[in-house]
Amino acid sequence: MEPQPSGRDQASGVRRRRMLGLALGAGLVPALGPAAQAASDAPPETAGSLPAAALGRRVAAVAASQLGVPYAWGGGDRLGASLGFCDEDNGWLNGVCMGEKTVGFDCSGLSLYCWYRASHGTVELGHYTVAQFNLSAPVERDALAPGDLLFFSRPDAPLHHVGIHVGEGAMIHAERTGTLVARVENVLDVPRWAGEFAGARRPGQPTA
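Mapping of the sequence shown onto the UniProt record's numbering: position 106 corresponds to residue 106, and the numbering continues sequentially without gaps.
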């Protein structure tokens, strides 16, 4: 998610759970797959003591379970996919405000949900790409591991996008209105993404 939201009507947790439940019942949002369900349902008391590599794999598994969920500008929180919204420039498709009609994720909503769920709430990221960058420790490109966050920037849109590295050079992300959560193979070899790559960060690690 690019700009900091302002004046947004925040739905209550109860409403978000209800909307997600309706979406699941309608088959609009896939339930967690067996691997991600097992990872996220592990005893909470062990989450904080997991080695970074194991936690990162949990994050990647939760991200994989969300493949196919619609993009919603402003969508996604600790509970999962949620209704988005529209501002002057975002959330629109062919003149229609899809954000407020779609239960889904934007890029930072997806990353915050995956890290929160995989860590049983011990890692909480803000719903804002710049905040997620600042709350995470830098990772060199040759040290990338599953769960690391990949950030992208342009001169006209600094830190405009974030995706989740899931191993073997692949990224899972929510790109833009009208798309679904998708996997990009060898993302840093794709000219578009390689040209905008601004660095990788690892949540849950000291930033200093």
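Built from N, CA and C at the ideal position, the CB exists for glycine as well.
Beta-carbon proximity check, residue i vs residue j, cutoff 8 Å
i	j	result
GLY95	GLY84	no
CYS97	GLY91	yes
ALA145	GLY56	yes
ALA52	VAL69	no
ALA157	ARG201	no
ALA63	CYS107	no
Three-state secondary structure assigned by DSSP to residue i
i	result
TYR71	strand
Cβ neighbours of residue i in the same chain (closer than 6 Å, five flanking residues each side left out)
i	result
ARG141	none
GLY163	LEU150, MET171 and HIS173
THR179	TYR71
LEU112	LEU125 and HIS127
Contact set for residue i: own chain, Cβ-Cβ below 7 Å, skip 5 residues either direction
i	result
LEU159	THR129, VAL130, PHE133, PHE151, SER153 and ALA198
TYR116	ARG78, VAL123 and GLU124
ARG176	TYR71
GLY25	Note on GLY25: pLDDT 35, under 50, position unreliable in the model; the coordinate value appears next. Counting only Cβ-Cβ distances below 7 Å, and skipping sequence neighbours, we find nothing.
Residue i CB to nearest heavy atom of the ligand ATP below 7 Å
i	result
LYS101	Only the bare structure without any ligand can be found here, which leaves the ligand ATP out of the picture.
Contacting residues, own chain, Cβ-Cβ under 8 Å from residue i (five flanking each side not counted)
i	result
GLU100	LEU83, GLY84, PHE85, CYS86 and GLY91
Length-filtered (4 minimum) alpha helix (DSSP H) runs lying within the UniProt domain "NlpC/P60" (53-204): 107-118, 129-134 and 191-196
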